[in-house]
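So for the sequence shown, my numbering puts the first residue at 405; every next one is plus one. This report concerns only the one structure given below.
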Amino acid sequence: MQSRTVSTLLTRLVLVCGALLFPMLADAGEADLVAAKVTKTGADTYRFDVTVAHEDTGWDHYANVWQVIGPDGAIIGERILAHPHVNEQPFTRSLSGVSIPAEITGVTLRAGDLVHEFGGAELYIELPAEVGQTVTVSD
Numbered sequence: 405m406q407s408r409t410v411s412t413l414l415t416r417l418v419l420v421c422g423a424l425l426f427p428m429l430a431d432a433g434e435a436d437l438v439a440a441k442v443t444k445t446g447a448d449t450y451r452f453d454v455t456v457a458h459e460d461t462g463w464d465h466y467a468n469v470w471q472v473i474g475p476d477g478a479i480i481g482e483r484i485l486a487h488p489h490v491n492e493q494p495f496t497r498s499l500s501g502v503s504i505p506a507e508i509t510g511v512t513l514r515a516g517d518l519v520h521e522f523g524g525a526e527l528y529i530e531l532p533a534e535v536g537q538t539v540t541v542s543d
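Following this line, the structure appears as structure tokens:
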């Protein structure tokens, strides 16, 4: 009888702990952009260095992409993030060779994760006018 009571108590304890911990594990939040740098590398070509913050929890929930979005909403460039960055937050990744027409003077940057997709903090950045120039922005 005592063994059954202990077993029941342990089962309830595990269920309560799971109910309390699961929302914290599942709610890592959306991927946010916290800083970006763009360098003009050619006539209409740019390099982006983008810093992403996200509470990656592992392979099931991590920031997996960031994008360069034009004024019309079109995706101009995309950097796929191939693995979680659980112990590296925030982290910066680059994308080179992004071709942007001369008439576009600024772009929006956004990041997404496997669970929420997009919706976190975005950044707008003006594009540098001259080859070799760099523009930096942060939240």
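Where a beta carbon is used, it is the ideal one built from N, C-alpha and C, also for glycine.
Checklist entry - If you draw a straight line from the alpha carbon of Ser500 to that of Arg451, how long is it in whole angstroms? => result 4 angstroms
Next on the checklist: Does Thr509 come out as helix, strand or coil in the three-state DSSP assignment?
Outcome noted: coil
Checklist entry - On the premise that Gly536 lies in contact with Lys441, defined as a C-beta separation below 8 angstroms, what is that separation, rounded to the nearest angstrom? => result With 8 angstroms as the limit, Lys441 and Gly536 do not qualify as a contact, their Cβ atoms being about 13 angstroms apart.
Checklist entry - Closer than 7 angstroms: is that where the CB of Trp463 sits relative to any heavy atom of the ligand MN? => result By its list of ligands, the structure shown contains no ligand whatsoever, and the ligand MN lies outside what it can speak to.
Next on the checklist: Report the CB separation of Val472 from Thr455 in whole angstroms; it is logged as a contact under 8 angstroms.
Outcome noted: Rounded, the Cβ-Cβ distance is 14 angstroms, inconsistent with contact.
Next on the checklist: Tell me which residue opens and which closes the beta strand (DSSP E) that Tyr528 is part of.
Outcome noted: 527-530
Checklist entry - DSSP beta-bridge partners for Ala467? => result Asp517
Item to check | Cβ distance (whole Å) where Gly479 is taken to contact Val502 below 8 angstroms | outcome: Note on residue identity: the sequence assigns Ile, not Gly, to residue 479. Rounded, the Cβ-Cβ distance is 11 angstroms, inconsistent with contact.
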